[in-house]
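Colleague: Residue numbers for the sequence shown follow my numbering, so the first one is 525 and each next one is one higher.
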Amino acid sequence: MYSDPACSPDDWITDLCTSERISNSVPPSWLNEMAPAISIEPFDGDPLKWDMFISSFKSLVHDVVGSDAQRLAILRQLLSPVLRSALASSLQSPETYAVVLRDLRRLYGNTNAVVAASLRRLSCIEPMKARCDLDVERFYLELHGALNILRSRGRFVELRSAYTLQSVVPKLTYRLQHKWAQRAFDVRPKEATIEDLDSWLEQIVLMNRMVESAEPQKGELLNVKRSLPQVALKNRRRHLNLAMIADKEVQCVLCQDAHLLSMCPQFTNATPNQRAEILKEHGRCFACLDGVHQARHCPRKVRCSAPRCSQRHHHLLHGSSRVWPTAVDSQALVNPGDSRTATIGTNTVGCDSICLSVVPITVFADTLSVQTFALLDPGSQGTLVTDEVVRRLNLKKNSSNIRISTFHGNDPSLRVFSVDFSIRGRKDGQRFEVNGALVVPSLNLSSHVVNWNEERCKWPHLRDLPLNAIDYKKVSVLIGADNFDIMQPLELRKPPRKGQPFGVLTPLGWTVIGKLPQMFKPSQYSVGRTVNEIIVKKDGNFESELEIYERFWDTESFGTKPGANCRNIDLSLVSWPSSFEFSGGRYEVGLLWKTGNIALPNNRAMANGRFISLRKRLLGDPKLYGLYREAISSLSRSGIIRMVTTHEMNQPVGRVWYLPHHPVRHPLKPDKVRIVFDASAKFEGLSLNDQLSKGPDLTNDMTSILVRFRLLPVAVTSDVASMFHQVGVPAHDRSVLRFLWSGTVDTAPKTYEFTRQVFGLTSAPASCIYALTRCIHDFLPSEMASRLSRQFYVDNYLDSFLTSNEAIAHCVALKEATSKGGFPLVKWASTSSDVLRSFPENDCSQSNVDLSFGTHQMEGVLGLFWDCAKDVLRSQ
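Rendered as structure tokens:
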């Protein structure tokens, strides 16, 4: 619940009584004694700090101190030096105490100033830093604070504004921008707002905290290391390699002469690929060429100086191919003759084993399933699956290109495959969808088996858990942080002592993670621990030869073959989200409400005010008044509108809405007027369009229609006459389509309501397109209906045929079919005079817009002009 915007923290200033006088009930030393106890941050004129300041001042000063003189003295100290100087003349007398407060409120506490400051704060929020969870929380808190101020002031228009949202989204990291786009797509048809972004960021912050709470702290790890017993230390063999600190003479590692590697003739004469292999062989830095460290850890921060390249590699390596590192012993990483760097390597052989978070799962794809094990790894940015599982489930592979960022400056593009599947725990439970998992040859884990039926009895806190035997060799799925909902911890069993494993309940079942002391004999396993960080990025700039050819042919055939969104389906089988029926030679489609039980306020008073303004405008323009009156009469004669009786006036309760209306005229058509009914007009913060859904997107692609229109020699166009007014509205939805009108000057307005769809309703385009397409499928053969329905862009029909006879057969059949459903096709135009002679003269186009290029009349076609004689499209 948000606070009432009509009630502000400074409302008490308005009613402030200025008749209070100085009271002697408080001793003169009061101010000095109490001042340290009053903790109010001085006000510096920031409107965003006004509410907090004035609330604190009222509670700690105004309501406590008994005289205006002492209140003013404290207020003077609580203003910044700049404000104190500006208001110096008003801070001299106790009589001006109330005046000063009112001046401050007017300047810094008015709603417009606070809202403007809040919007400035949103636009000035520092962009989020990549790969920093703390910065996500910082960004969220700044955003949330600014939105709270807008909510407290009741500025819901700004909160729902697309401009406000777009000013913040670019400040997210690139990865979060893509995730937010997916979130905004999922909430359709509702338009995502900045409040949705605020709630989404809150979820991310909470999930990050959950991950942090499940990780051991650094201090705990240090304490465990310090508390290792001496017996355990005897079982460890350590190799510690430290470089000497003293400087020695520079020596080339390639030719052994006294010069740097970058000056070596053998090195500089080699190709970039050969240079990279030399550095790999000698374990040298790919950035500075001298150190034995990796390029990302190079203290010199060297970057390539080649044009348009700023990668972390030396310019002599620019253009080289990827060099994969090989596993080497830690002792070989340090050259005794090099004094520039120091490395520490540790190889441990001991009795302890680390148990990873592994759960038994079942992987599904259609009717096939595979039982295997999954590793839950929150440190991985992606989900992996082995090629063996993909083959057994016969999964469809989607190719993509990625870049793997490691120490090498020139990150290569790699061809990988991704698959989609679903998983669940072995003991049934919820089923989860996994999308975009990368296919890998194998997951290189240890080869031991943990029989939890026996091992769990060793730890009392794990004894009652339903654990299964885990075979690490059979782990074939790695669940990464991109599917955190699958691995989120639901319950945690903490061990009684450090150094023992944790039990974690996940949506896939119980798992155990942590150290398992003395599970294996020292001679049985050599336990190596490796920490890797691989960042996988999608490479949008790399295309294979196959993709280039596919894109070429897709471009060449664009618009001439059905695409993925083509409506080549029988729409009679589609489930429509509202009432739909064919009655009396016309289709009726109900309004597409977002919710079924919406209650609308009766906005007749607002509509009446708009009508009074409209009548004043019409009375000042008699010609416009006559055109407007005739247009309303035409709607009434056609049965598109009807007068509402007195008995029906306020029924049904909660479903009555009045549409304000106004005239619109085209400069080239001064003798015609179009009446616009405003379904977006707001009353008490609501509008009719806010409560309606756009419905499914049934509009055919305009470019595809134009391409097919230009494909064959005989071109034909036509329009549906007043398409929106050809589709009826059921009686139970008509009460929200009312409006006020009076044909005379001296009579009160009467109430009318629409019986047909209204242009301007959010749901009207989808409803009318659906009705038209259903009409074509209902009254034409299936094959012909599928072909012709693709050629409509809303109410415009554009098509082309090989011969005039073929065009006549299809167009005559189409006109008859649409007429049966109440959609008259008019304004026929064609490059063939034979086609035009097959229609009545009144149904053929008379060129509404008189624009001439040469001597030929032009037809308007989807925003272009079509020269029928020359069959040429032009723009104005």
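Ideal Cβ placement from N, Cα and C applies to all residues, glycine included.
Owing to the predicted nature of the structure, the values given are computational and were not obtained by experimental measurement.
1) With hydrogens ignored, establish whether the beta-carbon of P1013 is closer than 6 Å to any heavy atom of the ligand PLP.
2) Span of the alpha helix (DSSP H) holding I598?
3) Could you check whether the stretch 1175 to 1188 touches the stretch 1197 to 1208, counting it as contact only if at least three pairs of C-beta atoms, one from each stretch, sit closer than 8 Å?
4) Please specify which runs of the alpha helix (DSSP H), each continuous and at least 4 residues long, are wholly inside the stretch 1188 to 1227, giving them in chain order.
5) With three or more beta-carbon pairs closer than 8 Å as the criterion, would you say the stretch 904 to 920 touches the stretch 960 to 976?
6) Give a yes or no on whether the minimum CB-CB distance between E1015 and chain C is below 7 Å.
7) Where does C822 sit, in a helix, a strand or coil, going by DSSP?
8) Measuring only the C-alpha atoms, how far is A800 from V958?
9) Please report how far the alpha carbon of M1173 lies from the alpha carbon of F1278, in whole angstroms.
10) Please state the DSSP three-state secondary structure of V639.
11) Thinking C-alpha only, which one of T1268, V1396, H985 and P1013 is nearest P1019?
12) Taking C-beta to C-beta, are S1324 and S1356 nearer than 7 Å?
13) Looking at the structure shown, is G1004 part of a helix, part of a strand, or coil, going by DSSP?
14) Output the distance between the C-alpha atoms of G1387 and K1394, rounded to the nearest integer angstrom.
15) Measuring straight from C-alpha to C-alpha, what distance separates E1365 and P1194?
16) Once DSSP output is grouped into helix, strand and coil, what is the label at W983?
17) My understanding is that G1219 touches L1116, with C-beta atoms under 8 Å, so please give their C-beta distance in whole angstroms.
18) Let's test the definition: count the other Cβ atoms within 10 Å of the Cβ of D592 and tell me whether it reaches 16, buried, or not, exposed.
19) Closest to V887 by C-alpha separation, out of R948, H838, C828 and H842, would be which residue?
20) With three or more beta-carbon pairs closer than 8 Å as the criterion, would you say the stretch 564 to 576 touches the stretch 593 to 607?
21) Starting from K998, trace the beta strand (DSSP E) in both directions and tell me its first and last residue.
22) Taking the alpha-carbon of V940 as reference, which of R950, L899, H821 and A961 has the nearest alpha-carbon?
23) By how many angstroms is the C-alpha of L1029 removed from the C-alpha of I994?
24) Among the candidates P1176, N1213, Y1317 and P1273, whose CA atom is the shortest distance from the CA of R1258?
25) Are at least three pairs of beta-carbons, each pair with one atom in the stretch 1327 to 1345 and one in the stretch 1216 to 1230, less than 8 Å apart?
26) Enumerate in chain order the residues of its own chain whose CB-to-CB distance from Q1250 is below 6 Å, with the five nearest sequence positions on each side excluded.
27) Since I578 is in the alpha helix (DSSP H), which residue starts that stretch and which ends it?
28) Does DSSP classify I885 as helix, strand or coil?
29) Determine contact between the stretch 1138 to 1149 and the stretch 1159 to 1174, defined as no fewer than three beta-carbon pairs at a distance below 8 Å.
30) Taking the CB atoms as reference points, tell me whether V729 and R677 lie closer together than 7 Å.
31) Are A1288 and Q1281 close, meaning C-beta to C-beta below 7 Å?
32) Taking 7 Å as the cut-off, decide whether the C-beta atoms of S942 and R955 are in contact.
33) Taking the CB atoms as reference points, tell me whether S1107 and G1114 lie closer together than 7 Å.
34) Is it buried or exposed, A1255, if we count other Cβ atoms within 10 angstroms and call 16 or more buried?
35) Give, in chain order, every unbroken run of the beta strand (DSSP E) that is at least 3 residues long and sits entirely within the stretch 1236 to 1299.
36) Would the beta-carbon of T1286 fall within 7 Å of that of L1216?
Modeller: In short, the structure shows the following:
1) Ligands displayed in this structure: none; no statement on the ligand PLP is therefore possible.
2) It spans D592 to Q601 - the alpha helix (DSSP H) in which I598 sits, taken as one unbroken run.
3) The count of Cβ pairs closer than 8 Å, one atom from the stretch 1175 to 1188 and one from the stretch 1197 to 1208, reaches three, so the stretches are in contact.
4) Those alpha helix (DSSP H) runs which fall completely within the stretch 1188 to 1227 and span 4+ residues do not exist here.
5) The stretch 904 to 920, when compared against the stretch 960 to 976, does touch it at the 8 Å Cβ threshold.
6) The structure shown has no chain C; it contains just one protein chain.
7) Coil, per DSSP.
8) As the crow flies, the alpha-carbon of A800 is around 39 Å from that of V958.
9) Near 14 Å, if we compare the C-alpha coordinates of F1278 and M1173.
10) If DSSP states are grouped into helix, strand and coil, V639 belongs with the helices.
11) In terms of Cα proximity to P1019, the closest of T1268, V1396, H985 and P1013 is H985.
12) No, Cβ-Cβ distance for S1324 and S1356 is not below 7 Å.
13) When DSSP states are grouped into helix, strand and coil, G1004 belongs to the coil group.
14) Those two C-alpha atoms are separated by around 18 Å.
15) Using only the alpha carbons, I get a separation of about 25 Å.
16) Three-state DSSP puts W983 in coil, outside helix and strand.
17) The Cβ separation is near 5 Å, so the contact holds.
18) So D592 counts as buried.
19) Considering only alpha carbons, the answer is R948.
20) Yes, the stretch 564 to 576 touches the stretch 593 to 607.
21) Where K998 is concerned, there is no enclosing beta strand (DSSP E), given that its DSSP letter is neither H nor E.
22) The shortest Cα separation from V940 among R950, L899, H821 and A961 belongs to A961.
23) For I994 and L1029, the distance between alpha carbons rounds to 16 Å.
24) Looking at the Cα atoms, P1176 is the closest of the given residues.
25) No contact exists between the stretch 1327 to 1345 and the stretch 1216 to 1230.
26) So the list reads G1346 and F1347, once near-sequence residues are dropped.
27) Residue range W574 to F581 is occupied by the alpha helix (DSSP H) that includes I578.
28) If DSSP states are grouped into helix, strand and coil, I885 belongs with the strands.
29) As far as the Cβ criterion goes, the stretch 1138 to 1149 does not touch the stretch 1159 to 1174, which means the pair count is below three.
30) No.
31) Result yes, Cβ atoms of A1288 and Q1281 sit closer than 7 Å.
32) The Cβ atoms of S942 and R955 do not sit closer than 7 Å to each other.
33) In this structure, G1114 does not lie closer than 7 Å to S1107 by Cβ.
34) By the neighbour-count rule (16 or more Cβ atoms within 10 Å), A1255 is not buried but exposed.
35) Taking only runs of at least 3 residues, the beta strand (DSSP E) segments lying wholly in the stretch 1236 to 1299 are 1238 to 1244, 1262 to 1265 and 1274 to 1278.
36) Taking 7 Å as the Cβ cut-off, T1286 and L1216 qualify as a contacting pair.
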